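Under numbering that gives the first Met the number 0, the first residue of the sequence shown is numbered 0, with each subsequent residue one higher.
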Amino acid sequence: MSNTPVKRLSVPNIMAKKGKEPIVSLTAYTTPVAQLMDDDVDLILVGDSLGMVIYGLDTTLAVTTEMMIAHGQAVMRGSKKACVMVDLPFGSYQESPEQAFRTASRILQETGAAAVKLEGGEEMAETVEFLTKRNIPVCGHVGLMPQAVQMMGGFKVAGKNDAGVQKVIRDSHAIADAGAFAVVLEGVVEPVAETITQQLSIPTIGIGASPACDGQVLVCDDIFGVFQGFKPKFVKRYAQVGQTMQDAAKQYADEVRSRAFPSMEYCFQPNKK
């Protein structure tokens with residue numbers, strides 16, 4: 000076994016994947032999950048989706064900076080190889096570029112993560128430029144933006160009409176031109192996502208977008224079958240861990256009630272001479 004330290008993937012490593020082998024990204028929120036996926040993913044997102052899949056909230060809007068830092072720290076303890084980025088939560092960056100800098104710098108300092116992600120297009124370009132000029136790597140997020148769910152009237156696909164197409168294209172270019180190292184395209188109709196990927200010089204990471212994107216990201220609790228709230232159209236279940244956990248809990252309950260557990264093999268015995 001080699002004692003050579005594992006070199007963690009960096010933001011430039013992620014950028015270098017543009018047009019090459021697709022970027023593999025998943026969310027993670029805890030140390031054990033980060034450990035389990037670290038060998039297979041390039042980019043771990045500590046997403047504000049934790050509000051829904053971990054805390055049972057209806058939206059991501061109530062997620063706090065403190066929550067993101069706590070989970071970012073947990074993920075960094077579990078990950079040794081993947082590049083890690085953390086979402087800026089709602090209300091922590093939209094007021095001004097200066098507010099965004101304070102939040103982003105705190106998150107990076109307290110977690111050790113490599114980058115932050117924020118939602119928004121043209122309206123956030125000034126903020127992205129402000130951050131990147133101050134050495135904070137930023138990933139953009141356009142299209143369907145969960146933090147804007149109240150304004151959008153729900154989770155709606157982007158680019159279904161001409162106005163929507165032009166908006167998501169403008170938003171993508173604005174974020175790229177402002178210095179973002181990558182941009183997440185969420186809930187964008189497939190041909191538009193492919194066009195944006197061809198046009199931008201930075202990687203696009205799709206979630207409900209297109210196989211032509213430079214990478215893909217999904218919520219880990221969705222693909223593992225742990226989160227039972229709802230399943231978006233773009234999610235493929237790769238396992239049914241939730242059902243396995245439920246079955247195990249039932250078996251445990253049955254054995255406790257029947258006194259089959261604990262058997263003597265799980266109990267401590269006095270020393271015998």
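Quick reminder that beta carbons are idealized off the backbone N, C-alpha and C, glycines included. In this text the structure is predicted, and so the values were computed from the model without any measurement.
(request) Could you name the residues of the same chain whose beta carbon sits closer than 7 angstroms to that of Gln34, not counting the 5 residues immediately before and after it, in chain order? (result) Only Gly77 meet the Cβ criterion.
(message) Suppose you measure from the CA of Ser257 to the CA of Ala248; what does that come to, to the nearest Å?
(response) Using only the alpha carbons, I get a separation of about 14 angstroms.
(request) Report yes if the C-beta distance between Gln93 and Ala99 is below 9 angstroms; otherwise report no. (result) Contact flag set, yes.
(request) Would you check if there are 3 or more beta carbon pairs closer than 8 angstroms linking the stretch 58-72 to the stretch 105-120? (result) Yes, since at least three Cβ pairs between the stretch 58-72 and the stretch 105-120 fall closer than 8 angstroms, the two stretches touch.
(message) Going residue by residue through the stretch 118-194, where are the continuous beta strand (DSSP E) segments of at least 3 residues, counting only ones entirely within it?
(response) Qualifying beta strand (DSSP E) stretches, in chain order: 137-142, 181-185.
(request) Starting from Gly77, follow the alpha helix (DSSP H) in both directions and report where the run begins and ends. (result) Here the alpha helix (DSSP H) through Gly77 covers 64-77.
(request) Starting from the Cα of Cys219, find the closest Cα among Gln198, Gly241, Pro202, Lys16 and give me that residue. (result) Among Gln198, Gly241, Pro202, Lys16, the Cα nearest to that of Cys219 is on Gly241.
(message) Distance check for Asp39 and Met0, CA to CA, integer angstroms please.
(response) At Met0 the pLDDT is 46, less than 50, meaning the model places this residue with poor confidence; the figure from the coordinates comes in the next sentence. Each residue's CA atom was taken as its position, placing Met0 and Asp39 some 19 angstroms apart.
(message) Using C-beta distances below 8 angstroms, list every residue in its chain close to Ile206, excluding the 5 sequence neighbours before and after it, in chain order.
(response) Listed in chain order, the non-local C-beta contacts of Ile206 below 8 angstroms within the same chain comprise Val183, Leu184, Glu185, Gly186, Gln215, Val216, Leu217, Phe233, local neighbours out to five positions each way being set aside.
(request) Run the CB neighbour count on Glu118, radius 10 Å, all protein chains shown included, and call it buried at 16 or more, exposed below. (result) Buried.
(message) Quick check: does the Cβ of Cys266 come within less than 8 angstroms of any heavy atom belonging to the ligand FMN?
(response) Ligands in the displayed structure: none, and consequently the ligand FMN is not present.
(request) Please confirm whether Asp170 and Gly120 have their CB atoms less than 9 angstroms apart. (result) Their beta carbons are under 9 angstroms apart, which means Asp170 touches Gly120 by this criterion.
(request) From the DSSP output, in three-state form, read off Gln245 for me. (result) DSSP places Gln245 within a helical segment (H, G or I) once states are collapsed to three.
(message) Helix, strand or coil for Cys219? Go by DSSP, reduced to three states.
(response) DSSP places Cys219 in helix when its eight states are reduced to three.
(request) Spell out a yes or no on whether the stretch 56-67 and the stretch 14-23 are touching, meaning 3 or more CB-CB pairs, one atom from each, closer than 8 angstroms. (result) Segments in contact, no.
(request) Just the C-alpha distance for Pro4 and Val167, rounded to the nearest angstrom, thanks. (result) C-alpha of Pro4 to C-alpha of Val167: approximately 41 angstroms in a straight line.
(request) Measure the alpha-carbon distance for Glu125 versus Gly50 and round it to whole angstroms. (result) Taking C-alpha positions only, Glu125 is separated from Gly50 by approximately 27 angstroms.
(message) With H, G and I counted as helix, E and B as strand and the rest as coil, what does DSSP make of Gly46?
(response) Three-state DSSP puts Gly46 in coil, outside helix and strand.
(request) If I'm right that Val127 touches Gly139 with Cβ under 8 angstroms, what's the distance once you round it to whole angstroms? (result) With 8 angstroms as the limit, Val127 and Gly139 qualify as a contact, their Cβ atoms being about 6 angstroms apart.
(request) Determine the contact status of Gly178 and Val137, defining contact as a CB-CB distance below 9 angstroms. (result) Taking the C-beta atoms as reference points, Val137 is found nearer than 9 angstroms to Gly178.
(message) Based on DSSP bridge pairs, tell me the residues matched to Cys82.
(response) Looking at the DSSP output, Cys82 shares a beta bridge with Leu42.
(message) Give me the residue from Met36, Ser95, Ile106, Met66 with the minimum Cα distance to Phe129.
(response) For Phe129, the nearest C-alpha among the options comes from Ser95.
(message) Using the Cβ count rule (16 or more neighbours within 10 Å means buried), how would you classify Asp86?
(response) Label assigned to Asp86: buried.
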